[in-house]
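Numbering (full-length UniProt numbering), first residue to last: 1 to 110. From the three backbone atoms N, C-alpha and C, an ideal C-beta is built for every residue, glycine too. Following: one structure in structure tokens, then a few remarks.
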């Protein structure tokens with residue numbers, strides 16, 4: 001991923017390295033707004049790896065020090081069944097995994 005691209009794809013002098021992109025989405029069952037997208041990193045061979053993620057508002061925020069948002073890896077579906085996961089992912093994240101595909105680019109990202 002180029003360090004010198006902004007949201008429109010034009011080359012600019014940007015001092016921040018872009019790590020990925022997120023799109024606003026609305027869940028089909030409940031209308032909850034969340035973010036879906038990808039984060040790009042490098043593996044041990046220097047190859048670019050895209051990890052699909054979903055971001056939800058932290059509904060269990062109990063104090064000012066608690067995070068406002070939670071980020072989860074979006075797991076691929078196997079044969080149309082429910083996602084197999086060892087991590088505790090909230091039901092809304094699993095619903096997104098069942099209904100979401102690769103995000104469509106939009107002009108106003110965040």
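| query | result |
| --- | --- |
| Rounded straight-line distance, which links the Cα of residue 26 to that of residue 32 | 5 Å |
| Contact set for residue 38: own chain, Cβ-Cβ below 7 Å, skip 5 residues either direction | 20, 21, 50, 51, 52 and 53 |
| Residue 25, enclosing beta strand (DSSP E) - first and last residue | 20-26 |
| Reference residue 70, options 30, 34 and 18, closest by Cα | 34 |
| Cβ neighbour criterion (16 or more within 10 Å) applied to residue 56 | buried |
| Through-space distance from residue 63 to residue 15, alpha-carbon basis | 34 Å |
| CB contact flag (residue 68, residue 60, <8 Å) | no |
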